[in-house]
Amino acid sequence: MEPQRSPLLEVKGNVELKRPLFKASSRLPLPGSRLKRGPDQMEDALEPEKKRTRGLGAATKIATSRNRASTLTTLPHTQGPTASQKVPRKIGPPCSTAIATGVKNQKPVPAVPAQKSGTAPPMVGGKKPSKRPAWDLKGQLGDLNVELKRYRERTQTLDQENQQLQDQLREAQQQAKALGTECRTLEGELARVGAQAEQGQQELENLRAHVLDLEERLGTQESLVQELQKEQLELQEERRGLATQLEEQEKRLQVSEAALSSSQAEAASLQQEVEAQAALLSERGERLHGLEMERRRLHNQLQELKGNIRVFCRVRPVLPGESTPPPGFLLFPPGPGGPSDPPTHLSLSRSDERRGTLSGAPAPTTRHDFSFDRVFPPGSGQDEVFEEIAMLVQSALDGYPVCIFAYGQTGSGKTFTMEGGPGGDPQLEGLIPRALRHLFSIAQEMGGQGWTYSFVASYVEIYNETVRDLLATGTRKGQGGECEIRRAGPGSEELTVTNARYVPVSCEKEVEALLHLARQNRAVARTAQNERSSRSHSVFQLQISGEHAARGLQCGAPLSLVDLAGSERLDPGLALGPGERERLRETQAINSSLSTLGLVIMALSNKESHVPYRNSKLTYLLQNSLGGSAKMLMFVNISPLEENISESLNSLRFASKVNQCIIGTAQANRK
Ligand code: ADP
Ligand code: MG
Numbered sequence: 175m176e177p178q179r180s181p182l183l184e185v186k187g188n189v190e191l192k193r194p195l196f197k198a199s200s201r202l203p204l205p206g207s208r209l210k211r212g213p214d215q216m217e218d219a220l221e222p223e224k225k226r227t228r229g230l231g232a233a234t235k236i237a238t239s240r241n242r243a244s245t246l247t248t249l250p251h252t253q254g255p256t257a258s259q260k261v262p263r264k265i266g267p268p269c270s271t272a273i274a275t276g277v278k279n280q281k282p283v284p285a286v287p288a289q290k291s292g293t294a295p296p297m298v299g300g301k302k303p304s305k306r307p308a309w310d311l312k313g314q315l316g317d318l319n320v321e322l323k324r325y326r327e328r329t330q331t332l333d334q335e336n337q338q339l340q341d342q343l344r345e346a347q348q349q350a351k352a353l354g355t356e357c358r359t360l361e362g363e364l365a366r367v368g369a370q371a372e373q374g375q376q377e378l379e380n381l382r383a384h385v386l387d388l389e390e391r392l393g394t395q396e397s398l399v400q401e402l403q404k405e406q407l408e409l410q411e412e413r414r415g416l417a418t419q420l421e422e423q424e425k426r427l428q429v430s431e432a433a434l435s436s437s438q439a440e441a442a443s444l445q446q447e448v449e450a451q452a453a454l455l456s457e458r459g460e461r462l463h464g465l466e467m468e469r470r471r472l473h474n475q476l477q478e479l480k481g482n483i484r485v486f487c488r489v490r491p492v493l494p495g496e497s498t499p500p501p502g503f504l505l506f507p508p509g510p511g512g513p514s515d516p517p518t519h520l521s522l523s524r525s526d527e528r529r530g531t532l533s534g535a536p537a538p539t540t541r542h543d544f545s546f547d548r549v550f551p552p553g554s555g556q557d558e559v560f561e562e563i564a565m566l567v568q569s570a571l572d573g574y575p576v577c578i579f580a581y582g583q584t585g586s587g588k589t590f591t592m593e594g595g596p597g598g599d600p601q602l603e604g605l606i607p608r609a610l611r612h613l614f615s616i617a618q619e620m621g622g623q624g625w626t627y628s629f630v631a632s633y634v635e636i637y638n639e640t641v642r643d644l645l646a647t648g649t650r651k652g653q654g655g656e657c658e659i660r661r662a663g664p665g666s667e668e669l670t671v672t673n674a675r676y677v678p679v680s681c682e683k684e685v686e687a688l689l690h691l692a693r694q695n696r697a698v699a700r701t702a703q704n705e706r707s708s709r710s711h712s713v714f715q716l717q718i719s720g721e722h723a724a725r726g727l728q729c730g731a732p733l734s735l736v737d738l739a740g741s742e743r744l745d746p747g748l749a750l751g752p753g754e755r756e757r758l759r760e761t762q763a764i765n766s767s768l769s770t771l772g773l774v775i776m777a778l779s780n781k782e783s784h785v786p787y788r789n790s791k792l793t794y795l796l797q798n799s800l801g802g803s804a805k806m807l808m809f810v811n812i813s814p815l816e817e818n819i820s821e822s823l824n825s826l827r828f829a830s831k832v833n834q835c836i837i838g839t840a841q842a843n844r845k
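Positions 175 to 845 (our numbering) are the ones given, in order, by the sequence shown.
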């Protein structure tokens, strides 16, 4: 590295290069030895000096000048006090003569050659004066005057030179000052440059740090790039796989498109076919509707032929623990068609004990024959019984009111027939659940022909001429007596039970829940009043509404399933205690309502103008399910026991009377 140069030196160097060397110093007085020469000789002697200094740098010149100046200051010692007084001491400073710029154009004052005072006589005309004799004082004085004059001239010359040197000094000082200013400026600049350099250094360091950081980042980026490259490779691999898959899919698509176009063609032909089928279907629908109407008509006709009032007799089996009746007590003689025909006859044989005892002969038997629309011996199943009434139930969907009764003494199997046996055994299900299931399924089938049906169920109990809701829930559960039978509206034929629940049903489960609720309600009543259920009529009613919206047809009819109160009579020979009196009242109410039922049926059969519906709550409630357009079926339930023969005969006689009734041609409730 290049050593740092002082700015001052640099400036001096510049100055030297720009300005010619100072020659004035050569005009300074020379040392005594040289003064012995003449001016020309001095000039000559100076020449080599001048030539030497011209080629040197400023520093050399300064040294030279200083030497000369110091030489000059020695003059007073050599030339005596006069000379020393005349030479100004100011011209001594080292730098004053160093820079001779600004005086280069001045004419140098010719230096007066110095002469050793006292030692050498003054030279006149270049010739050394000859030594005067001691006596020649005048001559000596003249010589001294000449010498004095010469000194004076010299002093004058030196003064002038001094003046010039002072001027030069001033000028040099100014220059030095200017240079000092410049120097300071440059120093300032140097400081600034230094600061800049420092800043640059700082920046450099920052940049280095930045570079390091960037290098680090580069490293990270490179590893990232590597990862990405790896990933890219994987992706490329995947892409190739996908491209293969795509190709496969495209091929499959092409196949599918071909299949689709053929399918579309097929669909178009199928559409045409569908349209043709639809036309055919609507035509068939028309025909079907016609056929349906015809079916209804024939169905009804069939029911009419069977009779609008039918009576079925059902004999329950002997229950475990009951005494088996004697053989021949109950007989089921075959019908005209032989044993293959379903039985319609029933024979009850009663032995006349009294007559036998009196005569001593074996007791004669009295045979009671009855014939009904159908007789069900003890072994008949629930399904068999239902099969016989299924067609009748269906009439309700066609708009004919249907009413089914179970009549008989307590314990003869009325409830078993209507609701079913205990334990929820599906085989033992009674008519109510079976009838409803049948109706729901037929209604669904009819849906295909445009019919929609809705069903609303109610279940009430009539005890001692009071009506109680068996579907009551919550706090009303087990309570009764608040229900009244009313017309649904002014002028309306429809009847409704106030405060009773009418529950829409659409499936078996809902019906099951209702029957369960009714059983619970009866159980509550049973504890409150001894066996009240057998002393009351239970009326399950289903209001059926059907509509064929497309044809604007509507039909509606009630289906009533009635479990009547026990038909047994009180033994007139029994002593009447307070309990019996109450029971007598119950029995009278029951007998009254049952006989009213018989009377109503008779009146309808005889086409009497007055039908005594109002004589009992039961007939009043059922008036829309009886009569002209209605179809009625009565089950007469019989106990197989010999001990019940009396009640059995009573029931069979009542039923026979009903069976003889023919109610006028039924009319469907169509709108
Ligand atoms: P009711 O309702 O007429 O008083 P129930 O229906 O309660 O008579 O019948 C009395 C008893 O006889 C019940 O235990 C019942 O299960 C039983 N029972 C009735 N009919 C039949 C039948 N056809 N098969 C089997 N058990 C029967
Ligand atoms: Mg019962």
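Just so it is clear, CB atoms sit at the ideal spot from N, CA and C, and this is done for glycine as well. From a predicted model like this one, the values you see are computed outputs, not experimental measurements.
Would residue i be called buried (16 or more neighbouring beta carbons within 10 Å of its own) or exposed?
i    : result
H384 : exposed
T647 : exposed
V736 : buried
K791 : buried
P575 : buried
P507 : exposed
Any idea which residues DSSP pairs residue i with across the strands?
i    : result
T793 : DSSP output for T793 lists no bridge partner at all.
E628 : According to the sequence as given, residue 628 is Ser; it is not Glu. The partner list for S628 (beta bridge, DSSP) reads S719.
F579 : V736, M808
A731 : I718
V634 : D643, V713
D543 : S521
P678 : V630
Tell me whether residue i counts as near the ligand ADP, meaning its Cβ is closer than 7 Å to at least one heavy atom of that ligand.
i    : result
P600 : no
F560 : no
G726 : no
L800 : no
K805 : no
P491 : yes
G509 : no
T584 : yes
P596 : yes
K160 : Any answer about residue 160 is impossible in this case: the structure gives the chain only from 175 up to 845.
N638 : no
From residue i to residue j, what distance separates their C-alpha atoms?
i    : j    : result
G374 : E363 : 15 Å
R324 : Q337 : 20 Å
Q403 : E390 : 19 Å
S525 : E816 : 10 Å
P500 : S523 : 10 Å
E396 : R426 : 43 Å
L462 : Q475 : 19 Å
A697 : K781 : 41 Å
K596 : L688 : In the sequence as presented, Lys is not what sits at residue 596; that position holds Pro. Roughly 16 Å between the two C-alpha positions.
D543 : N482 : 23 Å
P732 : L571 : 9 Å
E603 : D557 : 8 Å
V785 : S456 : 47 Å
Y581 : R757 : 19 Å
G555 : N695 : 28 Å
F828 : G772 : 8 Å
E619 : H690 : 28 Å
M592 : F550 : 15 Å
E345 : L386 : 59 Å
Please confirm whether any heavy atom of the ligand MG lies closer than 7 Å to the CB of residue i.
i    : result
T761 : no
S708 : yes
D557 : no
T591 : no
K683 : no
D547 : no
K588 : yes
D543 : no
Three or more C-beta pairs below 8 Å linking the region 823-838 and the region 605-616:
Between the region 823-838 and the region 605-616, the count of Cβ pairs shorter than 8 Å is below three; the stretches do not touch.
Given 8 Å, three or more beta-carbon pairs between the region 672-679 and the region 641-648:
With the rule of 3 Cβ pairs closer than 8 Å, the region 672-679 counts as touching the region 641-648.
State whether the region 655-668 contacts the region 677-687, with contact taken as three or more CB pairs (one from each stretch) at a distance under 8 Å.
With the cut-off at 8 Å, the region 655-668 and the region 677-687 do not touch.
Between the region 775-793 and the region 623-630, do at least 3 Cβ pairs fall closer than 8 Å?
Result no; under three Cβ-Cβ pairs closer than 8 Å.
Validate contact between the region 711-730 and the region 549-569 using beta carbons, cut 8 Å, 3 pairs:
With a cut-off of 8 Å, the region 549-569 and the region 711-730 do not count as touching, because too few Cβ pairs lie within range.
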